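Enquirer: The following block contains the structure, expressed as structure tokens.
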Amino acid sequence: MYIQKCVKGIAGDTSGKNGLTQSEAQEVISQDHGIMSNWWRRERSITPQMVADVLTSHNLDRHLHDYQNFGDETPFISLASGAVERNTILQQNFAYSAIDTALQFATDDWTRPGALFFCWVATSHYPAVEVSNVAEAVRDINIYQRWSPYQLEGELTAKVHIPSNQIERVEWWDPGHGHWRPQHTWSNPKYVEPDVLSNIRELF
């Protein structure tokens, strides 16, 4: 297991389009809501048995490759962490920024406002879909070897819920106020650095 820092982009609320308002984005950390999966928001009340029932490889594949039909009920949470494309013809590697990818989703290609959530998740070195408290490194072709048209989105997939104390800050981006910096930034005073999970022990 390792700790991966990520960013989650969520589209903002605009006329005719559902999404987060600025206040709702801030409440993810200020009210300790964290980031909830669409499945949990839809069910409202969940049990450990229900979690076990929905964390399956089939549902993960639907989340990755059939999101248009499955997105409203998915128990998984897509996070961007960056990706590298290797071009064997040009003999070059091309890096894809996690922030650029998250902004693309949050702003719907700069057509609406949206929020970025900077966070960390514990991540497995192996497929562990049934384990709810570790994320899946679906961007890693050494782990998930099936070809995917979305691999370069650099996705890690969290499950059910990301606690608010794993979210470092929230940024609100509005294309109407420019593309170079967020309109608002909220830091999380309750953020816990992932160092507390380090396997390095100091002498005493």
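Quick note on numbering: the sequence shown equals residues 0 to 203 in numbering that gives the first Met the number 0.
C-beta atoms are modelled at their ideal positions from N, C-alpha and C, and glycine is treated no differently.
Predicted model only: the values in this text are computed from it and were never measured.
(1) Am I right that V27 and L115 are in contact with their C-beta atoms under 8 Å? What's the rounded C-beta distance?
(2) Which first and last residues belong to the beta strand (DSSP E) in which I42 is found?
(3) Looking at C-alpha atoms only, which residue of E72, N187, N164, W179 is the closest neighbour of V195?
(4) Here's the rule I'm using: 16 or more other beta-carbon atoms within 10 Å means buried, otherwise exposed. How should S80 be labelled?
(5) In angstroms, rounded to a whole number, what distance separates the CA positions of H178 and E201?
(6) In the structure shown, what three-state DSSP assignment does T106 receive?
(7) Is it the case that the segment 106 to 126 contacts the segment 36 to 55, given that we only count it when at least three CB pairs across the two stretches are under 8 Å?
(8) Based on DSSP bridge pairs, tell me the residues matched to I34.
(9) Check each candidate in G175, N68, S44, E72 and name the one with the smallest Cα separation from L54.
Expert: In terms of the structure at hand:
(1) Incorrect: roughly 11 Å between the Cβ atoms, too far for contact.
(2) The question names Ile, but residue 42 is Glu in the sequence shown. Here E42 belongs to no beta strand (DSSP E); instead the alpha helix (DSSP H) covers 37 to 42.
(3) N164
(4) So S80 counts as buried.
(5) 44 Å
(6) coil
(7) no
(8) I161
(9) Of the residues G175, N68, S44, E72, the one whose Cα lies closest to the Cα of L54 is E72.
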